[in-house]
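Trainee: Before I ask anything, let me first share the structure, which is written out below as structure tokens.
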Amino acid sequence: MRQILLITDGCSNVGESPVMAAAHARQEGITVNVVGVVDYGTIGELGSREIADIAKAGGGLSRIVGTPQLAQTMQMMTRKTVVQTIQQAVNKEVKKILGEGSLEELPPLKRSQVVTVVDELTETTPLRIALLIDASASMKPKLAAVEEAIRDLALSLEAREGRSELAVFHFPGRSSSEDATLDMDWSSDVSEVRSLFSRLKMRGATPTGPAIFKVLEHYRYDKLDEHRDRRVSEDQGEREGMIGGYVV
Amino acid sequence: MGMSSNPPYPVGTVISGKWRGNRYVVERLLGKGANGTVYLVQREGRREKYALKVGNDTLELQSEINVLTSLQSCRKRSEFRARRESPLSSYLLESDDFKGGDNEPFYVMRYVEGRPLHLFLAKNGASWLGLVGLKLLEKLQLLHECGFVFGDLKPENVMVSDYGEAELIDYGGASPIGRSVKQFTEWHDRGFWNAGSRTGDESYDLFSFAVLCLRLLNEDGLKVAAQQLPQTRSVDELIRLARNLPDKKLSSWLCLALKGGFTGSAAAAAAWKHHIYNQRKPAKEVMATPRWLKNAFALSLFVLAFTIYWVLRF
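In order, the protein sequence lines correspond to chains S and D.
Under UniProt numbering, the residues of the first sequence are numbered 1 to 248, in order.
Under UniProt numbering, the residues of the second sequence are numbered 1 to 314, in order.
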């Protein structure tokens, strides 16, 4: 399962529309969640509408919070999105088997069984989340809180049974030709989330749309060695399964 | 953080089940948990009162019901082995959907009369901690024996009766041992203090329990420690707080729990029982004599001497 989590504090102002970019992401099976971070004042009507629209186009959730709630919000959104994605898939299967009916309409016993499956998959499905951080000038005072929230999210992901990985990008990139810069490539190691943004040079523009496209490219590029990766992880899965069998 | 939070049902609302048909009358609002709203209800035509939780998300509530169902059957098995007792129904009575409402899912559980742990101790005094702590650890032990961790352990989720019976409420954060902890609260979370993972194990609950004790005994100290920068925030701060507690046996128990040093909740409960619950403090405490008393004593001696002198002289 793949997600993009965009963290921003304002409107995009350069390049393609971020709403279109999010729609592309959704088309490729990647859910886009958006957190607007505001500490003082408001994000503006335009900004908050864009945040909601990006999430809607990307099939995800959006929230506007202050830095103290950031970590908790990111954890909650990530989990909710995993649950929802799985629930949608499971609901589809349920419909196929039982004809009509969503989870809410199932009788208690059946519902309980379906939810057991959803919980199981929520915990074990492999998960990749690309964090896309707005590093325009106004975000600078919030970046320490953002990094802490990322570390916290990594900690929560590490506790999952399924393979979970994070990658971190910030935008705008280092040069004007680069829409977003990769700060940390796919990793499931919490200790790698350290001083991600310390050498950051703030630049004015906010190319949210192009930055999302850049992340999509990274996801695509990564597919090349995904096959090999998957075989490795399947092997691991089998081994772990056997060990689990002994324990139980 | 529910997706939708409807206004609470007014007193007198009849919640009737769509599948099983039982009817419950709302008496008052008891509180709001992460997954829903809890009411005190009376089953129509009966005297017994129950707590009824209405969920705001079918999936989350069902997940909670599933946990309660497995706890229920685990307890049933162990109680069958031991002795038959009525509170089999302590975890879950039934679950259903609110017919006539928006089909909101709900479940019914035993009503625990009392007050949250922090309010109980504030009213009755910290000397109750030995007893209530033991009861709580025993509850955790039962839960762990059934293969679950509680997760979101904090004073607000512990109900204490007038006589110190402790009961865990809100199982929304409970998850099977070995799975990730679903719900947690910053201060009580092992991950927040850089003290370990968020994988649910017995030590996770014991860690939260230790923070709970610190919060009850020195909330200000804990607040200061929690406000540190994330990079410098560490379990050492908590251990320092624990060391500064006047009760040395309690502080060494807490330090061990914070370090994850107990093999499990059974060992932890045994140690608590042995060292903290069983220690009766002598009723008389040795206190330094206050200076005003010394001065007053000196003054009275002087007056006495003067009086004797005065009496003898005339």
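Idealized CB from N, CA, C, for every residue including glycine.
Predicted model, so just to flag it, every value in this text is computed and none were measured.
Pick out whichever of D:279, D:142, D:217, D:273 has its Cα sitting closest to the Cα of residue 77 (chain D).
Mentor: D:142
Trainee: Tell me which residue opens and which closes the alpha helix (DSSP H) that residue 249 (chain D) is part of.
Mentor: 248 to 258
Trainee: Nearest to residue 209 (chain D) by alpha carbon, out of D:66, D:149, D:248, D:114?
Mentor: D:149
Trainee: Roughly how many angstroms separate the alpha carbons of residue 160 (chain D) and residue 154 (chain D), rounded to a whole number?
Mentor: 13 Å
Trainee: Take residue 15 (chain S) and list the residues in its own chain whose beta-carbon comes closer than 6 Å to its own, dropping the five residues that flank it on each side.
Mentor: 207, 209, 210
Trainee: Using alpha carbons as the reference points, say which of D:130, D:40, D:183, D:292 lies closest to residue 112 (chain D).
Mentor: D:40
Trainee: Chain S beta carbons: is any one of them nearer than 8 Å to that of residue 199 (chain D)?
Mentor: With 8 Å as the cut-off, residue 199 (chain D) counts as an interface residue toward chain S.
Trainee: Using a Cβ-Cβ cut-off of less than 7 Å, list which residues of the segment 206 to 223 of chain D approach chain S; keep chain order.
Mentor: none
Trainee: Quick one: what does DSSP say residue 48 (chain S) is sitting in, helix, strand or coil?
Mentor: helix
Trainee: What do you get for residue 46 (chain S), buried or exposed, if any count of 16 or more other CB atoms within 10 angstroms of its CB means buried?
Mentor: exposed
Trainee: Round the Cβ separation of residue 273 (chain D) and residue 134 (chain D) to the nearest angstrom and send it over; I've been treating them as touching at under 8 Å.
Mentor: 6 Å
Trainee: Throw me the rounded Cβ distance for the residue 188 (chain D) and residue 158 (chain D) pair, which I believe falls under 8 Å.
Mentor: Going by Cβ atoms, the distance from residue 188 (chain D) to residue 158 (chain D) rounds to 12 Å, so no, they are not a contact pair.
Trainee: Note down the Cα distance separating residue 204 (chain S) from residue 224 (chain D), rounded to an integer number of angstroms.
Mentor: 37 Å
Trainee: Kindly confirm or deny that the segment 183 to 200 of chain S and the segment 235 to 248 of chain D touch, where touching means at least three C-beta pairs closer than 8 Å.
Mentor: no
Trainee: Measuring only between beta-carbons, confirm whether residue 179 (chain S) sits less than 8 Å from chain D.
Mentor: no
Trainee: Of all the residues that make up the segment 82 to 94 of chain S, which are near chain D by a beta-carbon distance shorter than 7 Å?
Mentor: 83, 87
Trainee: Start and end of the beta strand (DSSP E) containing residue 1 (chain S)?
Mentor: Unbroken run through residue 1 (chain S): none, as it is neither H nor E.
Trainee: When you compare the CB of residue 159 (chain S) with every CB in chain D, is at least one pair closer than 8 Å?
Mentor: At least one chain D Cβ lies under 8 Å of residue 159 (chain S).
Trainee: Ordered along the chain, which non-local residues of its own chain (more than five positions away) have a Cβ less than 6 Å from that of residue 245 (chain S)?
Mentor: Any reading at residue 245 (chain S) must be qualified, since the residue scores a pLDDT of 36, below 50, and its modelled position is unreliable; the value itself is stated next. The answer is none, since no qualifying residue turns up.
Trainee: Near residue 146 (chain D), what residues of its chain come up, given a Cβ to Cβ distance below 6 Å and the 5 sequence neighbours on each side ignored?
Mentor: 71, 74
Trainee: Rounded to the nearest angstrom, what separates residue 200 (chain D) and residue 94 (chain D) at their Cα positions?
Mentor: 27 Å
Trainee: Closer than 8 Å by beta-carbon distance: list the chain C residues that pair up with residue 188 (chain S), in chain order.
Mentor: Absent from the structure is chain C; the protein chains it does hold are S and D.
Trainee: Residues of chain D with a CB under 7 Å from the CB of residue 116 (chain S): which are they?
Mentor: 66
Trainee: Determine the direct distance from the alpha carbon of residue 124 (chain D) to that of residue 162 (chain D), and round the result to whole angstroms.
Mentor: 9 Å
Trainee: Given a cut-off of 8 Å on the beta-carbon distance, is the pair residue 135 (chain S) and residue 171 (chain S) in contact?
Mentor: yes
Trainee: Start and end of the beta strand (DSSP E) containing residue 81 (chain D)?
Mentor: In this chain, residue 81 (chain D) is not harboured by any beta strand (DSSP E); it is covered by the alpha helix (DSSP H) spanning 58 to 81.
Trainee: Report yes if the C-beta distance between residue 12 (chain D) and residue 35 (chain D) is below 8 Å; otherwise report no.
Mentor: no
Trainee: Identify every run of the beta strand (DSSP E) within the segment 146 to 190 of chain D, keeping only runs that are complete inside it and at least 3 residues long; order them along the chain.
Mentor: 158 to 160, 166 to 168
Trainee: Rounded to the nearest angstrom, what separates residue 35 (chain S) and residue 5 (chain S) at their Cα positions?
Mentor: 8 Å
Trainee: For the beta strand (DSSP E) that residue 36 (chain D) lies in, which residues bound it at each end?
Mentor: 36 to 43
Trainee: Compute the Euclidean distance between the alpha carbons of residue 98 (chain D) and residue 62 (chain S), then round it to the nearest angstrom.
Mentor: 30 Å
Trainee: Residues in the segment 256 to 267 of chain D with C-beta within 9 Å of chain S's C-beta atoms, listed in sequence order?
Mentor: none
Trainee: Counting C-beta neighbours from all protein chains within 10 Å, is the total for residue 207 (chain D) 16 or more, i.e. buried, or is it exposed?
Mentor: buried
Trainee: Hey, would you say the C-beta of residue 59 (chain D) is under 7 Å away from at least one heavy atom of the ligand COA?
Mentor: Absent from the structure shown: the ligand COA. Ligands present: none.
Trainee: What first and last residue would you give for the beta strand (DSSP E) that runs through residue 310 (chain D)?
Mentor: Looking at the DSSP string, residue 310 (chain D) is not in any beta strand (DSSP E); the run it does join, the alpha helix (DSSP H), is 291 to 313.
Trainee: Select from S:12, S:173, S:179, S:164 the residue whose C-alpha is nearest the C-alpha of residue 189 (chain S).
Mentor: S:164
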